[in-house]
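In this text, residue positions in the sequence shown follow the working numbering: the first is 1, and each later residue adds one. Where a beta carbon is used, it is the ideal one built from N, C-alpha and C, also for glycine. Computed from a prediction, not measured in an experiment: that's the story for all the values here. Structure, as structure tokens:
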Amino acid sequence: MAYQPLVDYIQQLLQRGYSQEAIKTHLLNSGYAPGMIDDAVQAIYAPRMTVTTAKSHVLLYTTLILGAVLLITFIILIFYFLKPSEIIGEIQLVLTSAQKGVEPGGNIELTTQLRNVPERAKGTVVLQYLLQNKQEAVVASEQESVPIERMGAHTFTFSIKKNIPAEDYVLQTTAKYGQQIFTESVSLTIKAIEKPKSEISSNVSVTPPDDELLKLGKPPQPVTPESTEDCDQDTILDIADLDDDNDDVLDSDDTGVCDTDNDGIPNTEDFDDDNDGVPDAQDAKPLDSTVGAGLGQQQILCPNNCNDLDVCTQDSCIGGVCQHTSSELCCGDFICEAGETAETCSMDCVDVPNLGQAERAQQLTQEALAAASTNPENAIASCDAILPQIERDDCFRQIAVVALNPQFCSSIINDRKRDNCYMYFAINRNDANVCQYITDRFIKSSCESLT
């Protein structure tokens, strides 16, 4: 422990301005031991060092605590303003089906799901289903609109037509939500329907059981050269074929006349049995509408598919040329026409919106028009919140015209309305770039000729 009188003496000398080294030399010359001098000096400076060190520790601890509080506050704010569902990741389309195969005329159940959708998301998802063969040609298509709230697990029944050939297919589903497009697909096998076969020789007098023939409306008869005929050339003799002319009408319900194209003119009197526009005399396969002229070899005149993906046209192939005939009643164009009801076509004929819905649609349209030029994202959000679909499409058309921005046209679901929106810019703004987005080939041709 330091000698207090010596401590006081050293403090007095320090206050007079003497240096620590000078004081120490003076004390050594006066007979004080070095250890005693060091203890006295340490007693003078130790309290100051302790206070300084304590202040440093307090400052360090305060800084650490303040940093931890700020970090915790920042994390709380993130989870409060951005819900976990909104920061999980990008929206993902999932397509599943428990069925791997189906017969022609059957149905396949599909389940579509949009994952990582924000809880506060609003609007409509447009789903398009395309059945593609190995050559990636579309042989069947369907489309529907589903509210985003129901996309947690949405089920759709896709119908397979009876005349689709048996082979492997890919069923592709495309989901459009706002400006985002997602695509998924599943593999599908269409199985052939087995028809009964009968091994019959023209030299053997054997007939099927009498009761079977009676079911078909034909009397029992002995085998003759005529009974070995095969009207539809499917390798099943007419005497054993349940549908002689392959017109999807059983012989028991048919006239019994061999009429391949089902035009009411028997093949024996018809100059074009398959109604492909090529006379039988020049047709490589008179009973196959996909094969035309060329007696020595098959010449494919019709493409694999004439489907123009327009639900309002009837598609066919005549003489090797795809024909698209507009239907008087069209279920799927979002227009409730005379003759359509909510029961026969729920997609077009929805319940008439009440006054509150109409006022809401008008209010949202005005908000979208006000924001169209300065804040496109808010304008799109306002239009997306409008129900029904007809009013929503009209909102996008109006903001496209007001903002002079054809990009808004892409959000219109109805094909014709979307094409007309693009045509506005081609006609009034002389914009040639919009023609590439028009889907109707006739409107597109008109657009290209104008610009």
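Let me know if residue i comes out buried or exposed under the rule of 16 or more other beta-carbons within 10 Å of its beta-carbon.
i, result
"PRO406", "buried"
"PHE74", "exposed"
"LEU295", "Any reading at LEU295 must be qualified, since the residue scores a pLDDT of 40, below 50, and its modelled position is unreliable; the value itself is stated next. Exposed, since its Cβ has fewer than 16 Cβ neighbours within 10 Å."
"LEU188", "buried"
"PHE158", "buried"
"LYS100", "exposed"
"LYS122", "exposed"
"ARG441", "exposed"
"ASN267", "buried"
"PRO286", "buried"
"PHE271", "exposed"
"ILE380", "buried"
"LYS444", "buried"
"ASN414", "buried"
"LEU64", "exposed"
"SER85", "In this predicted model, SER85 has a pLDDT of only 40, less than 50, meaning its place in the structure is not dependable; the value taken from the coordinates is given anyway. Exposed, since its Cβ has fewer than 16 Cβ neighbours within 10 Å."
"LEU93", "buried"
"ARG16", "exposed"
"THR260", "buried"
"ARG392", "buried"
"PRO5", "exposed"
"ASP8", "exposed"
"ASP274", "buried"
"SER382", "buried"
"ALA22", "exposed"
"THR365", "buried"
"LEU77", "exposed"
"ILE193", "exposed"
"ALA361", "buried"
"LEU27", "buried"
"LEU95", "buried"
To which residues of the same chain is residue i closer than 8 Å at the C-beta, ignoring the five residues directly before and after it?
i, result
"GLN180", "ILE91"
"THR230", "Reading off the sequence shown, one finds Asp at residue 230, where the question assumed Thr. Around ASP230: ILE236, LEU237, ASP238, ASP241."
"SER35", "Note on identity: in this sequence residue 35 is Gly, with Ser being the wrong assignment. No residues qualify anywhere along the chain."
"THR344", "CYS331"
"ILE412", "ASP393, PHE396, ARG397, ARG418, CYS421"
"LEU369", "ALA379, GLN398, ILE399, VAL402"
On the premise that residue j lies in contact with residue i, defined as a C-beta separation below 8 Å, what is that separation, rounded to the nearest angstrom?
i, j, result
"VAL402", "TYR424", "Actually they are not in contact, since the Cβ atoms of VAL402 and TYR424 sit about 12 Å apart, beyond 8 Å."
"TYR190", "TYR169", "This sequence places Ile at residue 190; Tyr is not what is there. The pair is a contact, with the Cβ atoms about 6 Å apart (cut-off 8 Å)."
"ASN133", "GLU167", "7 Å"
"THR111", "HIS154", "7 Å"
"SER145", "VAL126", "5 Å"
"THR124", "ILE148", "7 Å"
"GLN20", "VAL41", "7 Å"
"ALA68", "ALA43", "The pair is not a contact, with the Cβ atoms about 39 Å apart (cut-off 8 Å)."
"THR174", "GLN128", "5 Å"
"VAL139", "ILE164", "6 Å"
Say yes only if the C-beta of residue i is nearer than 8 Å to one or more non-hydrogen atoms of the ligand MG, and no if none qualify.
i, result
"LEU110", "The ligand MG is not part of this structure, which contains no ligands at all."
Grab the span of the beta strand (DSSP E) containing residue i for me, first residue to last.
i, result
"VAL434", "Premise fails: VAL434 is in no beta strand (DSSP E) and is neither H nor E."
"VAL126", "124-132"
For residue i, which residues from the same chain have a beta carbon less than 7 Å from its beta carbon, with the 5 sequence-adjacent residues on both sides left out?
i, result
"THR325", "THR313, GLN314"
"LEU329", "GLU337, GLY339, GLU340"
"VAL51", "Low confidence applies here, because VAL51 scores a pLDDT of 47, under 50, leaving its location unreliable and the question unanswered by this model."
"GLN172", "LEU130, GLN132, THR183, SER185"
"PRO279", "PHE271, ASP272"
"ILE10", "ILE23, ALA40, VAL41, ILE44"
At which residues does the alpha helix (DSSP H) containing residue i begin and terminate?
i, result
"ARG441", "441-450"
"LEU93", "Unbroken run through LEU93 is the beta strand (DSSP E), 92-96; no alpha helix (DSSP H)."
"GLU109", "Not the alpha helix (DSSP H): GLU109 falls in the beta strand (DSSP E), residues 107-115."
"ILE10", "4-16"
"LYS24", "20-29"
Excluding the 5 residues flanking residue i on each side, which residues of the same chain have their C-beta closer than 6 Å to its C-beta?
i, result
"CYS409", "ALA400, ARG418, CYS421, TYR422"
"ASP372", "The sequence as given places Ala at residue 372; Asp does not occur at that position. Once the five neighbours on either side are set aside, the close Cβ partners of ALA372 are ALA379, ILE399, VAL402, ALA403."
"GLN233", "LEU287"
Does any CB atom of chain C fall closer than 9 Å to the CB of residue i?
i, result
"ILE236", "Annotation note: the requested chain C is absent from the structure, which comprises a single protein chain."
- Runs of alpha helix (DSSP H) lying entirely within the stretch 366-391, each at least 4 residues, in chain order: List check, alpha helix (DSSP H) in window: 376-384.
- Item | Unbroken stretches of the alpha helix (DSSP H), 4 residues or longer, contained in the stretch 145-181 | Runs of the alpha helix (DSSP H) inside the stretch 145-181: none found.
- Message: In chain order, what are the residue ranges of uninterrupted alpha helix (DSSP H) at least 4 long that sit wholly in the stretch 387-424?
- Response: You should have 389-403.
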